[in-house]
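In what follows, a structure is listed as structure tokens, so that the remarks can point back to it.
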Amino acid sequence: MQPRNLNPQAESKLKITETNLTTIIEFILLGFSDIPKFHWFLFGLFLLIYVIILLGNGIIILIIRVNPALQTSMYFFLSNFSFLEICYVTVTLPRMLMDLWTLKGTISFFACATQMGFFLMLGATECFLLAVMAYDRYVAICNPLHYPLIMNHKACIQLVAGCWINGIPVAIRLTYQIFSLPFCGSNQVNHFFCDIPPVLKLACGDTFLNEMMIFISNILFVSVPFVLILGSYSRIISTILKLSSNTGQIKAFSTCSSHLIVVVLFYGSATITYLKPKSNQYEGTDKLLSLFYTILTPIFNPLIYSLRNKDVTEALRKVLPKVLALCGN
Numbered sequence: 027m028q029p030r031n032l033n034p035q036a037e038s039k040l041k042i043t044e045t046n047l048t049t050i051i052e053f054i055l056l057g058f059s060d061i062p063k064f065h066w067f068l069f070g071l072f073l074l075i076y077v078i079i080l081l082g083n084g085i086i087i088l089i090i091r092v093n094p095a096l097q098t099s100m101y102f103f104l105s106n107f108s109f110l111e112i113c114y115v116t117v118t119l120p121r122m123l124m125d126l127w128t129l130k131g132t133i134s135f136f137a138c139a140t141q142m143g144f145f146l147m148l149g150a151t152e153c154f155l156l157a158v159m160a161y162d163r164y165v166a167i168c169n170p171l172h173y174p175l176i177m178n179h180k181a182c183i184q185l186v187a188g189c190w191i192n193g194i195p196v197a198i199r200l201t202y203q204i205f206s207l208p209f210c211g212s213n214q215v216n217h218f219f220c221d222i223p224p225v226l227k228l229a230c231g232d233t234f235l236n237e238m239m240i241f242i243s244n245i246l247f248v249s250v251p252f253v254l255i256l257g258s259y260s261r262i263i264s265t266i267l268k269l270s271s272n273t274g275q276i277k278a279f280s281t282c283s284s285h286l287i288v289v290v291l292f293y294g295s296a297t298i299t300y301l302k303p304k305s306n307q308y309e310g311t312d313k314l315l316s317l318f319y320t321i322l323t324p325i326f327n328p329l330i331y332s333l334r335n336k337d338v339t340e341a342l343r344k345v346l347p348k349v350l351a352l353c354g355n
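FYI, in the working numbering the residues of the sequence shown are 27 to 355.
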């Protein structure tokens, strides 16, 4: 497997215009073509990771649905978050596995735009859902007497629906703006999926307006939820420290620590990727950081929530033997 360069077959995918420029109608995802000796190892590794993500998050959803003790708002949000993680990773991983298997990496203009649109929509949804989960913990710890009234079932459904719906307009708008630009140079995307920075590098002409729209979207759909999360946890920590009982402090911290770890993993890697200076020398680093918030975070979530949550651990002990028994039969 050699690094993919433009060849006659690839050039045939470029439409010649009357002005002697070429308009790209197909992209080539370079992925991990710079390490060709490891492509079968990477295929096996990422396939295993994908299966683990599906099983891990699927089991979380299953035990929350069947266990009466987990029918609370916190676990309602957690089951939605696990479903979101399955959708989020499915946007990128199957495509990457196919590219590693076929050694081609070609993706049509429309497929690339579709992948980017879904990736942006699910990414924005994840930011909002993490903020909602932080708000849920804030109400539970700082205002426990009114918690059942504030976080009732109807309110939870409305919050989750809002998280999913709010990401759609910005995803469509950004994707449309980026793919409305002329692409008249190289069609090689130095990434394993159609992310904004590597695709925007291939655009011709002035991209200032697009970069401003991306910046504004990051403020609204990434920074604002993150500020809300920080505000929630500052109030939570302040309330916990005022508790007289050490047991109460430990229990309160344990209900928040899992979510806080997930927030740090997701926001840490995504922030470094999108806010660091643009430079070609960081392209390899970009791909590694992207693996954190697109693949590694979803695989860690079930482990984090199951190992650090006694209710989930207890539910796993009850449900897993029954599931294994059914599979054995």
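Using N, Cα and C, we set each Cβ at its ideal position, and we do this for glycine too.
Predicted model, so just to flag it, every value in this text is computed and none were measured.
Two segments are said to touch when three or more pairs of C-beta atoms, one from each, lie closer than 8 Å; by this definition the region 112-130 does not touch the region 197-216. Taken in chain order, the whole alpha helix (DSSP H) runs of length 4 or more contained in the region 143-200 are 173-176. Within the same chain, Cβ atoms closer than 8 Å to the Cβ of Leu155 are found at Phe103, Asn106, Phe107, Leu110, Val186, Cys189, the five residues on either side in sequence being excluded. Annotation: the continuous alpha helix (DSSP H) that includes Ser108 extends over 99-128.
Annotated three-state conformation of Leu56 is coil, per DSSP. Here Ile263 is actually not in contact with Cys168; their C-beta atoms are around 10 Å apart, not less than 8 Å.
Note on Ser260: under 16 other CB atoms within 10 angstroms of its CB, so exposed under the neighbour-count rule. His65 is positioned such that its CB atom lies closer than 8 Å to that of Leu129. When rounded, the separation of the alpha-carbon atoms in His172 and Pro120 is 44 Å. DSSP places Thr233 outside both helix and strand once states are collapsed to three, so it counts as coil. Thr132: member of the beta strand (DSSP E) spanning 132-134, first to last residue. The DSSP-derived three-state label of Ile50 is strand. Listed as beta-bridge partners of Val215 by DSSP are Leu55. The shortest CA-to-CA distance from Val345 to any of Asp312, Gly82, Val158, Asn93 is the one to Asn93.
If you look at Ile255, you'll find it in the alpha helix (DSSP H) that goes 250-267. Straight-line spacing of the CA atoms in Ile191 and Leu267 works out to 36 Å. Rounded to whole angstroms, Ala157 and Tyr114 show a C-alpha spacing of 17 Å. Judged by DSSP in its simplified three-state form, Pro224 adopts helix. Taking C-beta atoms as the reference points, Gln97 and Val117 fail to come closer than 8 Å. Around Val165, the same chain offers Tyr173, Ile176, Met177 as residues with beta carbons nearer than 7 Å, after the five sequence neighbours per side are excluded. Taking a C-beta distance under 8 Å as the contact criterion, Ile79 and Ile325 qualify as a contact pair. Close CB contacts of Thr233 within its chain, under the 8 Å cut and outside five residues either way in sequence, are with Leu207, Leu226 (chain order). For Asn93, the secondary structure class from DSSP, reduced to helix, strand or coil, is coil. Straight-line spacing of the CA atoms in Cys230 and Ile50 works out to 11 Å.
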